[in-house]
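Working notes, structure below.
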Amino acid sequence: VKVEGRVATLAGNVSRVSTRWRLGDWLGRVLARLGFRRMSYAIAPGLYAVGQPGPDSPVLVSANYKLSFDVLRRAIAGLDAWILVLDSNGVNVWCAAGKGTFGTAELARRVESTPLAQVVRHRRLVVPQLGAPSVAAHEVERLTDFGVVFGPVRADDIPEFLAAGYKATPGMRRVTFGIVDRLEVSGLELATAGRATALLSLLVLATTAWNGTALSWASAWSASVPVLLALWGGVLAGTVLFAAMLPWLPGRMFAVKGAFLGSVVAAGAWIGGEGLLPEEAPVALPLALALVTVAVTSYLGANYTGSTTFTSLSGVKKELRVAIPVMAVALVAATVLPVAALVLTELTR
Amino acid sequence: MSLSYLPNVTTLEFDGEACTGCGMCVEVCPHAVFRLKGDRAMLQDRDACIECGACQANCEAGALQVELGVGCARAILATGPDAPDCSCA
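Those protein sequences? They're chains A and B, same order as listed. Numbered according to the working numbering, the first sequence terminates at residue 901, and the numbering increases by one at each position without gaps. Numbered according to the working numbering, the second sequence terminates at residue 1102, and the numbering increases by one at each position without gaps.
Here it is in structure tokens:
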């Protein structure tokens, strides 16, 4: 983070951070969202200043995931405030609160280990609402002599929250999951599934390269294209397309939503990709490929539960108990069907 | 447009007798599960609960019980149904 000078206080100098994003901040955000160095995208915990804060300026508590910190400092551009960064192991507020790393104990520790008590006259900490699963306001008040006010869910609402005298509107307290958020977190799903699928694709190409007499690129390509299309169709449908269409996909369970979307994509591929399969191919072949697309989309759809803001552990457990066996059956069927069709054709010849 | 997950699954339990009406649950819940009615809180949308535990942690009266967890299929599949954790950031 770019430090722009220091703010002198009774307890020494505090680093002032910029409220602007530089190219590196944007780049870091994109890379972190795609999973590159995501788990080490952290800043040093401690006390920071924004603007020209004094002893009466608000104290905003943050996690030390750099993306969270960046969003916060940009949101409060133009204000004078202190930021108390906790050590959440470089994980965002909500996830770290789920693990307990962003919590009462770490907050109390950080209040002690920084000169905060000498830097400000008041005794009020603004903690992000999404930290509440692990920050017990009454406990913090007992351990330190600071009181906790839960701030809004979104950093962008902080200026309005502060201006209203530390009051959040009901809307500021609600978690939302709009299309931009949904797509932004689906990037990681795509990157993760994409890596595995890329390896699988190479394997498919390698196994189809033998044309009976020699290794042939042309043979590999023509035999692999339908399989690769089925796989990658499922991966794209189950990640980006799924995220975009989430509210409109039928069903409550994500696996069901995914199976629906996968079926639509598979049907499209069946019709549009007719020429890709040899004419004498039994109908079991496109059926097996369709099953692959549906199963992959459904699986990745279920995986997306972890990226959302409105699923629960009990719900996902219930869903998986039903969905995993069904997906397994679909994949077994996708393997068995073409083989069975082949055997049947040979027998009846 | 609202996003809602499975109904009747949450482990959230609210003890109205123990509630002191401080309103912290209304404040910390990210899905507006609670509202204040008179001098007590009440459940207005139990099925919206995601079991994050914010209400339980901040209920000084101990009127709220919920089995904490993260609704993440990958975490559940990776570590078995009883020991979910996530490595998200």
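Glycine included, each C-beta is placed from N, C-alpha and C at the ideal position. In this text the structure is predicted, and so the values were computed from the model without any measurement.
- DSSP assignment within the stretch 804 to 872 of chain A yields no whole beta strand (DSSP E) run of 3 residues or more.
- Residue contact with chain B for residue 855 of chain A: present (Cβ-Cβ distance below 8 Å to some residue of chain B).
- No Cβ-Cβ contact shorter than 8 Å links residue 654 of chain A with residue 707 of chain A.
- Within a 10 Å sphere around the beta-carbon of residue 764 of chain A sit fewer than 16 other beta-carbons, which makes this residue exposed.
- With at least 16 other beta carbons inside 10 angstroms of its own, residue 783 of chain A counts as buried.
- The Cβ neighbour count for residue 1063 of chain B, taken over all protein chains shown within 10 Å, is at least 16; the residue is labelled buried.
- Counting the other Cβ atoms within 10 Å of the Cβ of residue 731 of chain A gives fewer than 16, which makes it exposed.
- In the DSSP assignment, residue 1063 of chain B falls outside any alpha helix (DSSP H) and carries neither an H nor an E.
- Excluding five sequence positions before and after residue 834 of chain A, the CB atoms of its chain that fall closer than 7 Å to its own CB belong to 893 and 897, given in chain order.
- DSSP places residue 680 of chain A inside the beta strand (DSSP E), whose first and last residues are 676 to 680.
- When the alpha-carbon of residue 749 of chain A is set against those of A:602, A:779 and A:766, the nearest one is in A:779.
- Assigned with DSSP and collapsed to three states, residue 1034 of chain B falls in coil, not helix or strand.
- DSSP assignment within the stretch 677 to 721 of chain A yields the following whole beta strand (DSSP E) runs of 3 residues or more, N-terminal first: 699 to 703.
- C-alpha of residue 566 of chain A to C-alpha of residue 712 of chain A: approximately 25 Å in a straight line.
- In terms of Cα proximity to residue 1019 of chain B, the closest of B:1070, B:1076 and B:1058 is B:1058.
- Listed along chain B are 1086, 1089, 1090 and 1094, each with a C-beta nearer than 9 Å to that of residue 872 of chain A.
- Closer than 8 Å to the CB of residue 1034 of chain B there is not a single CB belonging to chain A.
- Per DSSP, residue 1048 of chain B is one residue of the beta strand (DSSP E) stretching across 1047 to 1050.
- Nearest in C-alpha terms to residue 698 of chain A, of all of A:687, A:589 and A:705, is A:687.
- Just so you know, the alpha carbons of residue 673 of chain A and residue 857 of chain A end up roughly 44 Å apart.
- Within the same chain, and ignoring the five residues on either side of residue 781 of chain A in sequence, the residues whose Cβ sits closer than 8 Å to its Cβ are 821, 825, 828 and 841.
- Not a single CB atom of chain B sits nearer than 8 Å to the CB of residue 699 of chain A.
- For residue 876 of chain A, the secondary structure class from DSSP, reduced to helix, strand or coil, is helix.
- In terms of beta-carbon proximity, residue 1046 of chain B stays away from the interface with chain A, with every pair separated by 8 Å or more.
- For the pair residue 735 of chain A and residue 1017 of chain B, the Cα-to-Cα distance works out to about 18 Å.
- In this structure, the CA atom of residue 584 of chain A is about 5 Å from the CA atom of residue 590 of chain A.
- In terms of Cα proximity to residue 1079 of chain B, the closest of A:648, A:866 and A:901 is A:866.
- Per DSSP, the beta-bridge partners of residue 1055 of chain B are B:1048.
- Inter-residue distance for residue 664 of chain A and residue 677 of chain A is about 13 Å (C-alpha atoms, whole angstroms).
- Bridge pairing for residue 565 of chain A: A:560 [DSSP].
- In the three-state reduction of the DSSP assignment, residue 1025 of chain B falls in the coil class.
- With its beta carbon at least 8 Å from every one in chain B, residue 764 of chain A lies outside the interface.
- In the displayed model, residue 1075 of chain B falls within coil according to three-state DSSP, outside both helix and strand.
- DSSP places residue 784 of chain A in the uninterrupted alpha helix (DSSP H) bounded by 769 to 788.
- Secondary structure of residue 650 of chain A (DSSP, three-state): helix.
- Annotation: the continuous alpha helix (DSSP H) that includes residue 620 of chain A extends over 618 to 627.
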